[in-house]
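A.B. asks:
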Amino acid sequence: MNSRAQNLRKQYYIDKTFQKRFITVFCVMIILMSIVAVTTILYLNRSTTTVAFEDLRITVKTTSDFIAPIIIQTLIVTTSLTAVAVLILTVMFSHKISGPLFNINREVEKMANGDLSQRVKIRSDDQLQHLGSSIDEMRESLRKRIQTLQKEWAQFEKQAGELTGEQLKRARKIKENLDEFKT
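Here you go:
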């Protein structure tokens, strides 16, 4: 596939606005759920105490005061790593879907222009394999019907004999339409 076609695939099917919005919403959900979890832990531990050694002294603190810095640091690291993972996975999956869509669109455009000779090429591990197979079944069905019409036309031409001017004109128009299909 040439460079132009690859760029077309990227721009044609990947809705950048949707992709950014999806990533943002997902990351905001993760941040909110993390904040809820931290708040719940701190709230439930507000009335308990913890004894700790700090700078060679024994310190008594509420459990919330003691674990808050650790939880907040963990929250920041976890949220950052999750955001990066969401970004990578979203881009990966959107490209995994856009590739087959690009191939399907290209083949459907060929079919719309009368070329029924090519199958939709989708790797077996790609998404939308079932859609590609359904389009191939439709293409094959159309191809067979057109071939049947072309055979019937050939028989008609042999048996037609003399046609009037208007009948001949209509018959040629039908033949031209049938010849537009590449089967």
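For the sequence shown, the residue numbers in the working numbering are 2 to 184. Backbone N, C-alpha and C fix where the C-beta goes; we use that ideal spot for every residue, glycine too. Owing to the predicted nature of the structure, the values given are computational and were not obtained by experimental measurement.
Please go through the same chain and pick out, in chain order, the residues whose beta-carbon is closer than 8 angstroms to the beta-carbon of I105, but skip the five residues on each side of it.
C.D. replies: For I105, where only same-chain residues beyond five positions count, the Cβ hits under 8 angstroms are V121, I123, L129, L132, G133, I136.
A.B. asks: Whole angstroms are fine: how far does the CA of T149 sit from the CA of T184?
C.D. replies: T184 and T149: Cα-Cα distance of roughly 11 angstroms.
A.B. asks: Tell me whether R146 is buried or exposed, calling it buried when 16 or more other Cβ atoms sit within 10 Å of its Cβ.
C.D. replies: R146 comes out exposed.
A.B. asks: Could you check what DSSP says for V52 in three-state terms: helix, strand or coil?
C.D. replies: Correct three-state label for V52: strand.
A.B. asks: Does P70 pass the burial test, meaning 16 or more other C-beta atoms within 10 Å, or should it be called exposed?
C.D. replies: The residue in question, P70, is exposed, as its Cβ has fewer than 16 Cβ neighbours within 10 Å.
A.B. asks: According to DSSP, simplified to helix, strand and coil, what is I71?
C.D. replies: Of the three classes helix, strand and coil, the one that applies to I71 here is helix, per DSSP.
A.B. asks: Closest to A155 by CA distance: which of K176, E167, L169 is it?
C.D. replies: Checking every option, the nearest Cα to that of A155 belongs to K176.
A.B. asks: Give a yes or no on contact between the region 18-32 and the region 75-85, applying the rule of three or more CB pairs nearer than 8 angstroms.
C.D. replies: Short answer: they touch.
A.B. asks: Per the contact definition of three or more C-beta pairs closer than 8 angstroms, is the region 55-74 in contact with the region 87-99?
C.D. replies: The region 87-99, when compared against the region 55-74, does not touch it at the 8 angstroms Cβ threshold.
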